[in-house]
Amino acid sequence: MLSIKDLHAEINGKEILKGINLEIKSGEVHAIMGPNGSGKSTLASVLAGKEEYEITKGEIIYMEKNLLDLSVEERAKEGIFLSFQYPVEIPGVSMINFMKTAVNEHRKYQGLPPISSAEFLKYMREMKDLVELKSDLANRSVNQGFSGGEKKRNEIFQMAMLKPKLAILDETDSGLDIDALRIVANGVNKLKTNENSIIVITHYQRLLDYIVPDFVHILFDGKIVKSGTKELALELEQKGYNWIKE
Amino acid sequence: MDIETSYKKYIRLFEEISSKLKNEDSEFVFNTRMAAFKKFKDAGLPDHNHENYKYAGIAEILSEDYEFSLESRQALVDLNQFFECEVKDLDTHVILLSNGEYYQNNKPIEGINENVIICSLKEAKFKHKEIFEKYYNKTVSESNDSYAALNAMFANDGLFIYIPDNTKVNKTIQLVNLTHGFGNKNVFKRNLVVVGKNAELSLIICDHTLNNSKNFTIDITESYIEENGYLQYHTLQNEPNKSSVINNLFIQLERYARINSFVLSLHGGIIRNNLYAKLSGENSEANLYGVNLTDRKQRIDNFTIIDHISPNSTSNELYKGILDEEAKGSFAGRIIVRPGAQKTNAYQTNKNICLTPEAKMRTKPQLEIYADDVKCSHGATVGQLDEDALFYLRQRGIDYKEARLLLMFAFVNDILLKMEIEPLRNRVASLINARLRGEFSDCSHCLLNCHTRE
Ligand SMILES: Nc1ncnc2c1ncn2[C@@H]1O[C@H](COP(=O)(O)OP(=O)(O)O)[C@@H](O)[C@H]1O
Ligand SMILES: [Mg+2]
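Quick note, the sequences are listed as chains A and B, same order.
The numbering of the first sequence is the numbering used here, which starts it at 21 and goes up by one.
The numbering of the second sequence is the numbering used here, which starts it at 1012 and goes up by one.
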C-alpha cells in the first residue's frame, strides 16, 4: 500500500527527515515511536502533502501512484487521513457543514452523487456514537472551544466519517485520560479491516495496548533506527529513549 | 477635473438652479439648502489632504465630469418589472427610487398600519410638514462634512418613512435605488426615517445600477429612533466597478432606543461609507456591523463616529473586510464619550483579511473619552487566511478553492448571524457566497453584466 524509499525532507533549509525507508501492506498497523523533535509529525505532514516541506530526495509510492505528484486534497480523496497532533480550531465553519462538504468531495471523487441531508445526518449520528462524541460538538464550529480530549475524539470521528485506506494517527493518545483513550482506541479498532492500514505515532507504549501494532519503528533524528514487533515498544518503554541514542 | 474646479462647479451649479429650487421647495427646505450652501462654500471640498478623507479616493472620483439635472428622467419601461425580488421567503414591501427620485409608479403598499407614512420626500415636505420639519437635516446640520452639505444642497427626493408610536411594522421595507439612463451622473439621494416611541421597523436599502456609466452618488439616510424604538437597518451595496459612492448614515437614538445596522458593501468601484451614531438618550444601544468585500482595484473606506452623550449607553461596532487582488481599504472608527456619559460601554473591532500582498488595508481606532466610569475596548487586525486551517480542510478532501471559500465565508458569517430576519440573512449569505466565488452576484434582473471583467 505504502512504500517510502530514502525520503529526505527539509523545512526552511533545515533537513528534518534524513533517509526514511518504510513498507506498509494493506491491513497492517505500524507504530512509529521516538523522542520529541525526531521528525514524527514531519513524516505525517509530508505524507499528507503539507507544502512547506521540500522533498529533496527519495520517493513515496502509495497504491501504485507517485504520492508526491498529488495535491493535499487528492491524497485525502485517495484515502489518506491524518489525525492531527494539534487539531486546528476553525471558527465560523460548522462541523456539520465541514463534514458534509468533505464527504461529498470524497463521493464526487468516487463518482457517487451527493449524499442527501437525511442520509447524511443519520450517518453522522452513527459515527458519532462509534467514538462516543458528545452530541452538541457536531453543532459547533470545527474544534472551537473543544477540550484537548474532545479534539482528539473529533479527529477519530472524522476518520470514521471518511473511512480512509491509510490513517496516520499523530499522538492521538496525548491529552486523553485512560477512559477516553479506551473509547478512542475502540473506535479505531472498529474501523480497522483487512483492507486498510494505520500508522500510529506515539510517545508511549500505553496506546499500543489497545491498538496493537504488527510492527514498531523507532524514529530518531530523522531516521528509522530500529524496527521490530510490538515487543520493541515494551523494551523501549523499559529502557527509555537514551537506549536508542547509544 | 481637479478639486478646485469641482468646487467651483458645484457652486455655480447651485447658483444656477437655486431659483428653480426655491419655487418648488417649502421655505424650510430652501433655508436648509442655503445653510448647507454657506457651509459648503466656507469649508470647501475635502480630498486626501483632509484628515477625514485621506483614503477615500476623492481625486479619482472627481477626475470625471458628472452631469446633474433637476429634471426627472422618465424611465422608458415599467421599473417594477426590473425589480422583483426572487426570494420567496423574503416578503418585503418594495419601494423603488429611479435615479434618486421616488418612482411615480410604485405599487401601493398594502397591509400596513394605516398611520404609517411612506411617501416621497417631495410629498412629505408639504403634506407632513410638521413631522418633516421636526427631523429633516437635524443631524446632518450638526456635521461639518462637506459632502453631506452637498447632498443637503442638491438632494430633491427620496424616501420618507414615519412609524408612529407603539407601531410595529412586521414586514421588512425594501428600498431599491435604480440608477439608469445614459451619461455619467451625479446622483443625490436622501432618505428620512423616523421610528416613534416603542415602534419597530426593519429596512433594507439596495443599490442597483442598470447602466454602464460612471456615476457618482452621494446618499444620506437620516434615522431618528425615539424612546424604546427599534430599527433594523441594512444597506446592500452591489454596484459596478465604475461607480463611486459616498454613503452617509446618520443615526440618533433617544432613551432605550436601539439600532442594529448592517452596512454590506459587496461590490463597487469606490465606496466611502460615513456613519454617525449619536447616542443621545440614556440606555440607548447601537450595534453597528459592516462587511466589505473588494477585489481588482476597488476601494472601500469606512469612516464611523460614535458619539456617547448620555449615561448607560452601549455601542458594539464590528466591521470585517476581505480584500483581494489590488483592492485598498480603510477603516477609521472614532468613539467619543462625552463628560457625563458615565457607564458607557463602547466596543469596537475591525478585522480584515488581505488575500494578496498587493491588497492593502489601513485601520485606525480613535477613542476620545471624557468620562471616567466607562468600559471601552477596541481591536484591529489585518491578516491572511489561516494556512493551518486551510491545510486541515484540504486534508479532509476539500479542494483548495472550496476550502478558501469556507474560511472566507466563516470570517464574515458571525456578522450575518446577527441578522434577525432569517430569510434576509439567507439571501445576503447567498449573495456573499456568489460574490466570493467570483460569480456575478445575481441581484436579479440587472440586464447589463456590469460586474464581468473587461
Ligand atoms: N517550520 C519549521 N522550521 C524549522 N524547523 C522545524 C519546523 N517545524 C518543525 N521543525 C523542527 O523539525 C524537527 C522535527 O519536528 P517534529 O516532526 O514536529 O517532531 P516530533 O513530531 O517527532 O516531535 C524539530 O527539531 C523541529 O524543531
Ligand atoms: Mg509531533
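All C-beta atoms, glycine included, are put in the ideal place defined by N, C-alpha and C.
Fair warning: this is a prediction, and the values are worked out from it, not measured in the lab.
For residue j and residue i, believed in contact at Cβ under 8 Å, the rounded distance
i, j, result
"F1314 (chain B)", "N1284 (chain B)", "7 Å"
"H1245 (chain B)", "I1215 (chain B)", "4 Å"
"S1234 (chain B)", "K1140 (chain B)", "Not confirmed; about 20 Å, so no contact."
"N41 (chain A)", "K60 (chain A)", "Wrong, their Cβ atoms sit about 15 Å apart, outside the cutoff."
"Y1300 (chain B)", "R1269 (chain B)", "Actually they do not touch by this definition, with Cβ atoms about 13 Å apart."
"L1447 (chain B)", "L1416 (chain B)", "5 Å"
"L1107 (chain B)", "L1212 (chain B)", "Contact flag wrong, Cβ pair sits at about 19 Å."
"A96 (chain A)", "Q1406 (chain B)", "5 Å"
"A1160 (chain B)", "A1047 (chain B)", "4 Å"
"E1075 (chain B)", "K1225 (chain B)", "5 Å"
"N1323 (chain B)", "N1294 (chain B)", "5 Å"
CA nearest to the CA of residue i, picked from the options
i, options, result
"L1286 (chain B)", "B:Y1158, B:R1349, B:L1132", "B:Y1158"
"E79 (chain A)", "A:L102, A:E94, A:E43", "A:E43"
"D89 (chain A)", "A:L211, A:L67, A:S103", "A:L67"
"G1351 (chain B)", "B:T1374, B:E1398, B:S1291, B:L1299", "B:S1291"
"V204 (chain A)", "A:K259, A:R95, A:M147", "A:M147"
"I1072 (chain B)", "B:I1432, B:N1197, B:Q1248, B:V1348", "B:N1197"
"K185 (chain A)", "A:D197, A:V208, A:N174, A:T192", "A:V208"
"K1308 (chain B)", "B:A1166, B:S1324, B:P1251, B:N1298", "B:P1251"
"I116 (chain A)", "A:I176, A:D156, A:E72", "A:D156"
"K128 (chain A)", "A:E94, A:L37, A:E109, A:Q225", "A:E94"
"N1110 (chain B)", "B:L1024, B:S1272, B:D1168", "B:D1168"
"K142 (chain A)", "A:K120, A:L201, A:L132", "A:K120"
"E98 (chain A)", "A:V108, A:N86, A:Q105", "A:N86"
"Q1353 (chain B)", "B:I1347, B:K1331, B:V1385", "B:V1385"
"S1444 (chain B)", "B:F1227, B:K1331, B:P1434, B:E1413", "Here residue 1444 (chain B) is Asn; the residue named in the question, Ser, does not match the sequence. Per the Cα distances, B:E1413."
"T1374 (chain B)", "B:G1394, B:N1294, B:T1150, B:D1102", "B:G1394"
"K34 (chain A)", "A:N56, A:E74, A:L256, A:L22", "A:E74"
Collapsed DSSP secondary structure at residue i in the structure displayed
i, result
"D1318 (chain B)", "strand"
"N262 (chain A)", "helix"
"D1453 (chain B)", "With a pLDDT of only 47 at D1453 (chain B), under the threshold of 50, the placement of this residue in the model should not be trusted, and no figure is reported."
"E1026 (chain B)", "helix"
"V1206 (chain B)", "strand"
"I176 (chain A)", "helix"
"M1372 (chain B)", "strand"
"P111 (chain A)", "strand"
"M53 (chain A)", "strand"
"E1097 (chain B)", "Any reading at E1097 (chain B) needs caution, since the residue's pLDDT is 47, under 50, leaving its predicted position unreliable; the model's value is listed next. Coil, per DSSP."
"S155 (chain A)", "helix"
"H126 (chain A)", "helix"
"L1081 (chain B)", "coil"
"F1039 (chain B)", "helix"
"N1303 (chain B)", "strand"
"Y1018 (chain B)", "helix"
"R95 (chain A)", "helix"
"F1273 (chain B)", "strand"
"D1058 (chain B)", "coil"
"V1198 (chain B)", "strand"
"S1157 (chain B)", "helix"
Taking beta-carbon pairs under 9 Å, can you tell me which members of the segment 1406–1417 of chain B lie near chain A? Q1406, R1407, G1408, I1409, D1410, Y1411, E1413, A1414, L1417
Select from the segment 132–143 of chain A all residues with a C-beta closer than 7 Å to any C-beta belonging to chain B, and list them in chain order. none
Validate contact between the segment 44–51 of chain A and the segment 221–237 of chain A using beta carbons, cut 8 Å, 3 pairs: yes
Count Cβ pairs between the segment 1376–1385 of chain B and the segment 1396–1409 of chain B that sit closer than 8 Å; are there 3 or more? no
Three or more C-beta pairs closer than 8 Å, one from the segment 1167–1174 of chain B and one from the segment 1200–1214 of chain B: is that the case here? yes
Closer than 8 Å is the cut-off here; do at least three beta carbon pairs connect the segment 1175–1192 of chain B with the segment 1122–1132 of chain B? yes
Any residues in the segment 166–195 of chain A with a beta carbon nearer than 7 Å to a beta carbon of chain B? Which ones, in chain order? Q178, L182
Can you list, in chain order, the residues of the segment 55–67 of chain A whose Cβ is nearer than 8 Å to any Cβ on chain B? none
Assess, as a yes-or-no matter, whether the segment 132–146 of chain A is touched by the segment 1414–1433 of chain B under the definition of 3 or more beta carbon pairs within less than 8 Å. no
Taking beta-carbon pairs under 8 Å, can you tell me which members of the segment 1377–1406 of chain B lie near chain A? D1397, D1399, A1400, F1402, Y1403, L1404, R1405, Q1406
Note down, in chain order, all residues in the segment 1355–1380 of chain B with a beta-carbon under 9 Å from any beta-carbon belonging to chain A. none
Taking contact to mean 3 or more Cβ pairs, one atom from each stretch, closer than 8 Å, check whether the segment 28–36 of chain A and the segment 205–223 of chain A are in contact. no
Check whether the segment 1382–1393 of chain B and the segment 1359–1372 of chain B touch, using three or more Cβ-Cβ pairs below 8 Å as the test. yes
Between the segment 1364–1371 of chain B and the segment 1322–1340 of chain B, do three or more beta carbon pairs fall short of 8 Å? yes
Quick check on the contact list: which residues have their beta carbon closer than 6 Å to a heavy atom of ligand 3? The ligand content of the structure shown is limited to ligand 1 and ligand 2, which means ligand 3 is not among them.
So, do the segment 249–263 of chain A and the segment 1020–1040 of chain B have three or more beta carbon pairs nearer to each other than 8 Å? no
In the segment 146–157 of chain A, which residues sit with their C-beta less than 9 Å from some C-beta in chain B, listed in chain order? none
Taking beta-carbon pairs under 9 Å, can you tell me which members of the segment 84–96 of chain A lie near chain B? S91, V92, E93, E94, R95, A96
Against chain B, which members of the segment 30–56 of chain A pass a CB distance test of less than 7 Å? none
Can you give me, in chain order, the residues of the segment 1419–1452 of chain B that have a beta carbon less than 7 Å from any beta carbon in chain A? A1421, F1422, N1424, D1425
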